[in-house]
Amino acid sequence: MPRILAFLLTLTLAGFTATAPDPALAQDPQRPFSQCLAVAQALPGATYASYQPDEMAVEARPAQAGSREVEIMFAGHSTYVLTTPEGVTIATDYNGWSGRVSIPRVVTMNKAHSSHFTLSPDERIEHVLRGWNFDGTPADHDVVVDDVYVRNVTTDIRSYGGMEADGNSIFIFEVADLCIGHLGHLHHPLEDDHFAEIGRLDIVMVPVDGGLTLSHEAMTGIARRLQSSILLPMHRRGRPISSFIERMGDRFATDFVNSDSFTVSARTLPRQPTILILNGV
Numbered sequence: 043m044p045r046i047l048a049f050l051l052t053l054t055l056a057g058f059t060a061t062a063p064d065p066a067l068a069q070d071p072q073r074p075f076s077q078c079l080a081v082a083q084a085l086p087g088a089t090y091a092s093y094q095p096d097e098m099a100v101e102a103r104p105a106q107a108g109s110r111e112v113e114i115m116f117a118g119h120s121t122y123v124l125t126t127p128e129g130v131t132i133a134t135d136y137n138g139w140s141g142r143v144s145i146p147r148v149v150t151m152n153k154a155h156s157s158h159f160t161l162s163p164d165e166r167i168e169h170v171l172r173g174w175n176f177d178g179t180p181a182d183h184d185v186v187v188d189d190v191y192v193r194n195v196t197t198d199i200r201s202y203g204g205m206e207a208d209g210n211s212i213f214i215f216e217v218a219d220l221c222i223g224h225l226g227h228l229h230h231p232l233e234d235d236h237f238a239e240i241g242r243l244d245i246v247m248v249p250v251d252g253g254l255t256l257s258h259e260a261m262t263g264i265a266r267r268l269q270s271s272i273l274l275p276m277h278r279r280g281r282p283i284s285s286f287i288e289r290m291g292d293r294f295a296t297d298f299v300n301s302d303s304f305t306v307s308a309r310t311l312p313r314q315p316t317i318l319i320l321n322g323v
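For the sequence shown, our numbering begins at 43 and goes up steadily by one.
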């Protein structure tokens with residue numbers, strides 16, 4: 043747990059409070075406070091419990107100014123565009139050419155394929171967060187932009203018949219009491235340390251190609267363990283999405299939304315975990 047030990051003396055998560063007397067567990071003053079980091083998952087004997095408030099339902103509707111809702115739009119391939127309550131726009135796996143993406147304030151990238159990054163992003167983009175470092179060291183992002191905190195957890199990628207350590211990242215966006223994750227171009231199962239560094243994810247964007255990243259069996263295992271309220275498929279090529287949906291099982295509802303976007307708040311997360319499929323996916 044190399045990065046977790048730098049976070050949080052006390053973390054209250056989903057009704058569970060983890061208190062660590064060791065000062066080494068105090069939060070690194072250089073890092074923002076993470077409401078989503080699940081230290082409890084890494085403690086022996088601790089059980090992670092998901093909390094969901096009353097009056098929960100997901101529905102597609104326009105974002106309202108001044109609300110505590112986040113708008114999420116599918117822009118193509120692995121690119122979703124998030125708009126925070128304060129109007130910060132974030133594009134995931136930004137490549138500069140695909141999808142209906144203008145000039146976001148924040149972009150994240152992964153380098154498995156050129157459709158997931160660009161080496162020449164528009165200079166008007168304020169924050170370009172690459173999921174890898176050119177020198178091979180792990181990327182480490184902890185960025186606050188108005189009302190959103192963006193951090194990453196590095197993963198390895200396939201490269202020339204082997205695996206390249208820390209070649210890509212899972213990005214986590216903490217905004218409006220929501221924890222939103224983008225799994226990126228994930229090439230291997232996640233270990234306990236990964237899950238602990240990721241923490242709670244209320245919403246997760248999952249590649250469902252069934253082989254270019256991971257098999258549906260491996261990917262659904264990851265998605266089930268994350269216990270997210272909303273799963274947003276992406277990277278839909280290769281095997282049919284029905285295979286992914288079937289493997290997720292009856293515990294997950296499926297909702298085909300007649301729109302390419304929806305808004306969500308912490309109070310409108312669905313009671314039953316839901317695979318939400320937007321237009322264009």
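Cβ atoms here follow ideal geometry from the backbone N, Cα and C, with glycine treated the same way.
Sheet register partners of residue i (DSSP bridge)
{"i": "alanine 295", "result": "Thr316"}
{"i": "cysteine 78", "result": "None, per the DSSP bridge assignment."}
{"i": "isoleucine 272", "result": "Ile245 and Thr316"}
{"i": "asparagine 175", "result": "DSSP lists no partner for asparagine 175."}
{"i": "arginine 193", "result": "Asp184 and Ile214"}
{"i": "glycine 362", "result": "Any answer about residue 362 is impossible in this case: the structure gives the chain only from 43 up to 323."}
{"i": "valine 170", "result": "Val149"}
{"i": "isoleucine 264", "result": "Its beta-bridge partners do not exist; DSSP assigns none."}
Limits of the unbroken beta strand (DSSP E) element including residue i
{"i": "glutamate 288", "result": "First-last for glutamate 288: 283-290, but that is the alpha helix (DSSP H), not the beta strand (DSSP E)."}
{"i": "phenylalanine 213", "result": "204-217"}
{"i": "isoleucine 132", "result": "131-133"}
{"i": "alanine 117", "result": "112-118"}
{"i": "threonine 121", "result": "121-125"}
{"i": "valine 148", "result": "148-151"}
{"i": "threonine 160", "result": "Element bounds for threonine 160: n/a, residue is neither H nor E."}
{"i": "serine 303", "result": "303-306"}
Buried or exposed (CB count within 10 angstroms, at least 16 for buried), residue i
{"i": "proline 127", "result": "buried"}
{"i": "aspartate 251", "result": "buried"}
{"i": "methionine 205", "result": "exposed"}
{"i": "glutamate 113", "result": "buried"}
{"i": "glutamate 288", "result": "exposed"}
{"i": "alanine 84", "result": "Note on alanine 84: pLDDT 45, under 50, position unreliable in the model; no value is reported."}
{"i": "phenylalanine 304", "result": "buried"}
{"i": "leucine 311", "result": "buried"}
{"i": "glutamate 111", "result": "buried"}
{"i": "aspartate 135", "result": "buried"}
{"i": "methionine 43", "result": "Bear in mind that a pLDDT of 43 at methionine 43, under 50, signals an unreliable position, so the number given afterwards is only what the model happens to contain. Answer is exposed; the Cβ neighbour count stays below 16."}
{"i": "methionine 290", "result": "buried"}
{"i": "serine 162", "result": "exposed"}
CB contact flag (residue i, residue j, <7 angstroms)
{"i": "valine 190", "j": "valine 130", "result": "yes"}
{"i": "phenylalanine 116", "j": "aspartate 244", "result": "no"}
{"i": "serine 284", "j": "histidine 258", "result": "no"}
{"i": "cysteine 78", "j": "glutamate 216", "result": "yes"}
{"i": "leucine 273", "j": "valine 246", "result": "yes"}
{"i": "isoleucine 145", "j": "arginine 166", "result": "yes"}
{"i": "valine 323", "j": "proline 275", "result": "yes"}
{"i": "valine 299", "j": "leucine 268", "result": "no"}
{"i": "glycine 178", "j": "threonine 160", "result": "no"}
{"i": "proline 231", "j": "alanine 260", "result": "yes"}
{"i": "valine 170", "j": "valine 149", "result": "yes"}
Distance cut-off 6 angstroms: residue i Cβ against heavy atoms of the ligand FAD
{"i": "arginine 172", "result": "Absence of the ligand FAD is noted for the structure shown, with no ligands found whatsoever."}
Residue i: first and last residue of the uninterrupted alpha helix (DSSP H) it sits in
{"i": "isoleucine 240", "result": "234-240"}
Between the region 192-200 and the region 159-178, do at least 3 Cβ pairs fall closer than 8 angstroms?
yes
Count the CB pairs spanning the region 238-252 and the region 209-219 that are closer than 8 angstroms, and state whether there are at least three.
yes
Hey, is the region 309-317 in contact with the region 221-228, meaning 3+ C-beta pairs nearer than 8 angstroms?
no
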